[in-house]
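A quick write-up on the structure given underneath.
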Amino acid sequence: MRGPSVPTVRGPVRYALLDSPLGQILAAVGERGVVRLAFADRGSDPLLEELALRTGREPREDRRALADLARELDAYFAGRLRRFASPVELALIAPGFARRVLEATARIPYGAVATYGRVAATAGSPRAARAAGNALNRNPVALLVPCHRVVPADGTIGGYGGDEARKEALLRLEGALEGHPPDRSGRACLR
53 MRGPSVPTVR
63 GPVRYALLDS
73 PLGQILAAVG
83 ERGVVRLAFA
93 DRGSDPLLEE
103 LALRTGREPR
113 EDRRALADLA
123 RELDAYFAGR
133 LRRFASPVEL
143 ALIAPGFARR
153 VLEATARIPY
163 GAVATYGRVA
173 ATAGSPRAAR
183 AAGNALNRNP
193 VALLVPCHRV
203 VPADGTIGGY
213 GGDEARKEAL
223 LRLEGALEGH
233 PPDRSGRACL
243 R
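So for the sequence shown, our numbering puts the first residue at 53; every next one is plus one.
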């Protein structure tokens, strides 16, 4: 008997390390699109090892293969890009609830936010806000699937891979925090 099918990435996996105002980003593409986009806070080696393990291929550095995405990211961080054109390949996420959560999150527009509960409902499980958060915590393509736009129902901005300051900076860049003063402790708030 075979186990569940494991998602696969077609073709070679190429990557580049890209600079951003919020830290270095590792970006990787397969034949059909971007398969990994993550802040390399602990360096690129752990991300490259995880990518090789999950794809079964040794990633090869190829800045030219990621030149279009690099230009898009530069424009995004400069406030000139609201929607990415680079194709995303969710091959590292098995079909099911987690993938539906990422697909629902990808539809949240620039400058807007949605609660974990709303994303869970859109993904077909209205009572699964916590599970939606867990799925977003494993988002392989940050920014392109904008998990920073998903917030708790209590009006706080919540976490973002352990870096709340980065999430706040992204929401400020997109104008999502305009008109929302900080809470008593000075932290960003959407109440």
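Backbone N, C-alpha and C fix where the C-beta goes; we use that ideal spot for every residue, glycine too. Since the model is a prediction, treat every value here as computed from it, not as a measurement.
With a CB to CB cut of under 6 Å and the five nearest residues on each side skipped, what residues in its chain are close to Arg-201? For Arg-201, where only same-chain residues beyond five positions count, the Cβ hits under 6 Å are Ile-160 and Val-165.
Inter-residue spacing [alpha-carbon to alpha-carbon] between Ser-177 and Ala-184: Looking at the two C-alpha atoms, the distance is approximately 9 Å.
Can you give me the Cβ contacts of Ala-92 inside the same chain, cut-off strictly under 8 Å, excluding the 5 residues immediately before and after it? Result list for Ala-92: Leu-69, Gly-75, Gln-76, Ile-77, Leu-78 and Leu-99, in chain order.
According to DSSP, Arg-66 sits in a beta bridge with which residue or residues? Residue pairing from DSSP places Arg-66 in a beta bridge opposite Val-81 and Arg-112.
7 Å Cβ shell around Asp-120 - same chain, five flanking residues per side excluded: In its chain, beyond the 5 residues on either side, Ser-138 have a beta carbon closer than 7 Å to the beta carbon of Asp-120.
For the candidate residues Tyr-162, Leu-195, Pro-192 and Val-153, whose alpha-carbon lies nearest to that of Arg-182? Ranked by Cα distance from Arg-182, the first of Tyr-162, Leu-195, Pro-192 and Val-153 is Val-153.
Distance check for Glu-124 and Gly-131, CA to CA, integer angstroms please. If I take the Cα positions, the gap works out to 11 Å.
Let me know if Pro-56 comes out buried or exposed under the rule of 16 or more other beta-carbons within 10 Å of its beta-carbon. At Pro-56, the pLDDT of 43 sits below 50, so the modelled position is not reliable; the number obtained from the coordinates is stated separately. Using a 10 angstroms sphere on the CB of Pro-56, the tally of other CB atoms stays under 16, which defines it as exposed.
When you compare only the Cα positions, how much space is there between Phe-149 and Arg-170? When the Cα atoms are used, Phe-149 and Arg-170 turn out to be separated by approximately 14 Å.
So, helix, strand or coil for Leu-229, using DSSP? In this structure, Leu-229 counts as coil in the three-state DSSP scheme.
Alpha carbon to alpha carbon, how far is Ser-237 from Ile-209? Give it in angstroms, no decimals. A direct Cα-to-Cα measurement between Ile-209 and Ser-237 gives close to 13 Å.
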